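Notes follow the structure.
Protein chains: 4
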Amino acid sequence: MKKDKEKVKEKILAAAEEMFLKKGFFPTTVDEIAQKAKVAKGTVYLYFSTKEDIYLALFEEKLKIGIEILEKVKNMPISAKEKISLIFDEWFSKIQKAKGLSSFLALENINISPKIILLLRKKIHPKIRKIFLLIKEIFQEGIKKKEFKNYNSRLLSVIFLHILQTSLLFLSFNIKEDGKNLKEIFLKGVER
Amino acid sequence: MKKDKEKVKEKILAAAEEMFLKKGFFPTTVDEIAQKAKVAKGTVYLYFSTKEDIYLALFEEKLKIGIEILEKVKNMPISAKEKISLIFDEWFSKIQKAKGLSSFLALENINISPKIILLLRKKIHPKIRKIFLLIKEIFQEGIKKKEFKNYNSRLLSVIFLHILQTSLLFLSFNIKEDGKNLKEIFLKGVER
Amino acid sequence: MKKDKEKVKEKILAAAEEMFLKKGFFPTTVDEIAQKAKVAKGTVYLYFSTKEDIYLALFEEKLKIGIEILEKVKNMPISAKEKISLIFDEWFSKIQKAKGLSSFLALENINISPKIILLLRKKIHPKIRKIFLLIKEIFQEGIKKKEFKNYNSRLLSVIFLHILQTSLLFLSFNIKEDGKNLKEIFLKGVER
Amino acid sequence: MKKDKEKVKEKILAAAEEMFLKKGFFPTTVDEIAQKAKVAKGTVYLYFSTKEDIYLALFEEKLKIGIEILEKVKNMPISAKEKISLIFDEWFSKIQKAKGLSSFLALENINISPKIILLLRKKIHPKIRKIFLLIKEIFQEGIKKKEFKNYNSRLLSVIFLHILQTSLLFLSFNIKEDGKNLKEIFLKGVER
DNA sequence: TATGAATGAGGGTTCATTCAT
DNA sequence: GATGAATGAACCCTCATTCAT
């Protein structure tokens with residue numbers, strides 16, 4: 003049944019996400035993922051061709067959520083500043099539900115695996131570009147409307163994503179309130 | 003000779019730093035470090051007892067630089083805001099010289115190695131605490147003097163270090179200018 | 003299938019026994035054991051967690067055989083001297099079938115591996131104690147019944163086991179007859 | 003000076019003997035031997051070309067002591083039985099002084115190192131043969147004079163050496179008395 | 001599809017031996 | 001001679017991946 007198939011894949015992804023967050027990519031073994039997902043090790047390889055593949059699937063999932071949020075908010079009839087604020091809130095709460103896989107967005111993770119990631123980045127690079135583009139456009143809009151100071155819009159996008167990531171990191175240390183403060187600081191910092 | 007001995011250790015550390023930055027901790031092999039340092043693999047183990055040990059030595063080195071900067075700036079007869087700004091600049095340029103090992107400061111790296119890091123963190127944890135304490139005190143001073151808004155000083159410290167890290171990340175992508183902008187944004191964001 | 007699983011383990015143990023006997027513990031590599039057992043190196047580690055573990059498994063196996071013999075003979079309605087003689091013969095022929103792993107009983111082997119043996123001896127020590135106890139009781143019985151001279155029964159046990167070991171050593175040099183003579187000498191030496 | 007030279011070699015041998023006895027041949031590192039002898043590692047290699055060489059030097063030393071005893075006793079105007087008894091006592095006390103390197107005589111040690119021992123055995127094999135020959139001759143003499151039962155004299159020699167070894171083993175467990183008992187048992191066992 | 005035993009390449013670490021000082 | 005830093009071959013063990021059932 004299709005549903006069962008999806009369920010197994012889902013279980014594996016959930017298990018992998020949990021382990022990757024807890025121990026990181028390399029120290030997590032496929033064995034552990036399989037055990038946590040309650041399937042056999044071989045089963046994991048029916049759904050994913052490599053360990054990197056699992057990581058990338060998770061990565062893509064997160065990016066997809068981000069893109070959905072961005073596209074939804076972008077066309078709302080609100081100010082650029084409000085858009086950024088909303089994006090922050092939405093993303094924050096969505097990812098929070100997903101138990102905070104913030105680190106998947108970290109540029110640092112580019113290093114994560116030398117073997118395959120370069121090849122597979124082709125799959126996710128476009129999505130990352132799209133996210134950057136969408137955010138950049140909102141910042142450009144805000145700069146044009148004099149809502150934000152005239153910083154390089156690409157810079158603002160990168161900072162925004164990092165701020166978001168930092169605030170998500172707070173989650174894992176259970177300091178939810180601080181995320182909101184961080185947003186406030188950022189918005190005050192960039193406003194005109 | 004003492005000098006020679008130190009030189010070899012230095013060479014290994016430099017090689018390791020380069021490799022860790024390029025490929026990350028796990029994908030870097032001791033063999034690679036040795037080759038880059040132009041010593042035999044066994045030689046590495048004359049100076050460091052494990053691969054983790056090399057990583058931690060680098061980590062400590064960076065922390066030491068940070069602490070030195072903080073202690074120097076702390077007692078200067080300038081405003082808290084100026085102190086933060088100066089710390090940012092100093093750190094930025096010092097670490098820049100050290101070829102940017104920003105990621106060593108990332109909280110995320112806690113995950114880096116499950117085997118030994120827990121044991122050895124004892125060596126490093128106190129230094130990290132010290133750094134946080136020093137920065138926190140400056141923020142507390144600034145809040146008291148009404149230079150900064152009344153945010154939680156611990157939060158401000160964490161954000162500051164993350165901002166710093168982000169700006170150092172820019173370095174590896176060769177966008178030096180952006181670092182300064184990031185500082186500006188942060189300071190404007192937190193000022194009263 | 004359970005049978006197959008057991009077979010592989012058995013193959014590994016047999017290969018290890020052969021190699022340990024031929025070359026000793028340290029010069030034998032896990033690779034060699036695997037090759038001799040016609041499995042991959044990794045397979046060995048599916049059944050044993052360390053090289054020491056293999057050695058200890060063999061050791062235990064031999065001890066188990068010894069205990070079985072001792073318990074069987076102990077309650078027979080024969081004289082103590084006949085018991086000792088029978089134990090000697092049985093042990094000799096049993097271990098002979100097992101291709102003579104006599105040296106596993108040697109006290110000298112205590113040295114064999116500094117790393118783990120100390121920990122694992124816990125598993126084996128009780129069995130050795132049991133063997134000594136069983137033999138000692140037979141000697142005590144013999145001394146009480148005036149079959150043997152009044153030597154320390156602990157001493158007699160140790161000597162007996164060493165005599166046995168020596169006779170087994172003869173096997174590897176293909177001097178089966180001598181084993182019987184050795185027994186004879188020992189029994190005559192201790193009789194009243 | 004010759005004396006100094008000899009002293010260093012002696013120190014190394016003494017250190018090696020202690021370590022080999024404590025930990026066995028393989029687990030003992032050249033480093034440990036050097037440290038215990040209070041010389042640099044390189045110095046060890048000025049006196050011995052390999053680790054095996056050190057072992058063999060010790061072995062030879064013990065064999066020499068044995069040969070000396072045998073040759074001295076052999077021509078004494080006493081019965082064969084008394085000769086064997088005397089040899090046992092002398093050997094026992096001599097080696098005792100040498101902190102009991104009994105295990106060097108163990109045939110099992112043939113396994114000790116696959117690398118070089120086969121080549122170097124050439125040096126010690128003749129000495130072992132000589133020892134066996136000398137003992138065998140005493141037993142033959144005793145058999146001829148009807149002091150001993152008519153066992154194979156080669157067998158008796160092997161047993162005698164093993165008994166000796168066992169009794170020396172008792173030393174390390176601090177049971178000196180038992181050694182004498184063991185001799186007694188052996189002599190009673192083989193007498194006519 | 002699911003399993004988990006089997007594989008074997010690869011990596012961290014040790015240590016006998018060498019060699020420049 | 002003496003030193004001890006440097007070497008690198010060798011070995012134990014792990015773990016991603018495969019494959020027979």
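Residue numbers (our numbering), protein chains in the order written: chain A, 3 to 194; chain B, 3 to 194; chain C, 3 to 194; chain D, 3 to 194.
Here a beta-carbon is modelled for each residue, glycine too, at the ideal position from N, C-alpha and C.
Please read all numbers here as calculations on a predicted model, not as lab measurements.
Kindly indicate which three-state DSSP category residue i falls into: helix, strand or coil?
i: E149 of chain A; result: coil
i: I112 of chain A; result: Residue confidence is low: I112 of chain A scores 43 on pLDDT, short of 50, so the model does not pin down where it sits. No coordinate-derived value is stated.
i: G68 of chain B; result: helix
i: P128 of chain D; result: helix
i: L107 of chain D; result: Because L107 of chain D carries a pLDDT of 48, less than 50, the predicted location of this residue cannot be relied on, and no value is offered for it.
i: G144 of chain C; result: helix
i: A18 of chain A; result: helix
i: S159 of chain D; result: helix
i: N183 of chain C; result: helix
i: A82 of chain B; result: helix
i: V46 of chain A; result: helix
i: V41 of chain C; result: coil
i: F28 of chain A; result: coil
i: T52 of chain D; result: coil
i: K9 of chain B; result: helix
To the nearest whole angstrom, what separates the beta carbons of residue i and residue j, a pair I think is in contact under 8 Å?
i: I86 of chain D; j: L189 of chain D; result: 7 Å
i: G191 of chain D; j: I187 of chain C; result: 4 Å
Check each candidate in the options and name the one with the smallest Cα separation from residue i.
i: L48 of chain B; options: B:I14, B:K25 and B:E70; result: B:I14
i: E62 of chain A; options: A:E19, A:E84 and A:A36; result: A:E19
i: E70 of chain B; options: B:G144, B:L163, B:L136 and B:L184; result: B:L136
i: K185 of chain B; options: B:F90, B:E8, B:T30 and B:A17; result: B:F90
i: K148 of chain A; options: A:I130, A:A82 and A:A16; result: A:A82
i: F27 of chain D; options: D:A39, D:E12, D:K11 and D:I56; result: D:I56
i: N152 of chain C; options: C:T52, C:R194 and C:F94; result: C:R194
i: L163 of chain C; options: C:K38, C:F94 and C:T30; result: C:F94
i: T45 of chain A; options: A:F150, A:E12 and A:P79; result: A:E12
Quick one: what's residue i bridged to in DSSP?
i: E193 of chain D; result: D:F150
If you drop the 5 nearest sequence neighbours on each side, which residues of the same chain put their C-beta closer than 6 Å to that of residue i?
i: E34 of chain A; result: M21
i: L158 of chain A; result: F141
i: A39 of chain C; result: K13, I14 and A17
i: E110 of chain A; result: For E110 of chain A, the pLDDT reaches just 41, beneath the cut-off of 50, and the residue's location in the model is therefore unreliable, leaving the point undetermined.
i: T30 of chain A; result: M21 and F22
Who are the near neighbours of residue i in its chain, counting only those whose CB is closer than 7 Å to its CB and skipping five residues on each side?
i: S155 of chain A; result: K138, F141, Q142 and I145
i: L103 of chain B; result: Annotation note: pLDDT 43 at L103 of chain B (below 50); position unreliable, coordinate value reported separately. Contacts found: E19, L23, L60, K64 and I97.
i: I133 of chain B; result: L65, G68, I69 and L72
i: V32 of chain B; result: K43, V46 and K53
i: I130 of chain A; result: L65
i: K9 of chain B; result: none
Can you list, in chain order, the residues of its chain whose CB lies under 8 Å from that of residue i, leaving out five sequence neighbours each side?
i: A42 of chain A; result: A36
i: H50 of chain C; result: Here residue 50 of chain C turns out to be Phe, not His, going by the sequence shown. Correct list, in chain order: I14, I56 and A59.
i: K76 of chain D; result: K85, L136, E139 and I140
i: G181 of chain B; result: F94, S169, L170, F172 and L173
i: K99 of chain B; result: Confidence at K99 of chain B is low in this model, with a pLDDT of 47, below 50, so the placement of that residue should be treated as unreliable; the coordinate-derived value is given next. Cβ neighbours of K99 of chain B beyond the five flanking positions: none.
i: L88 of chain D; result: V75, M78 and I80
i: F150 of chain C; result: A82, K83, F141, G144, L158, V192, E193 and R194
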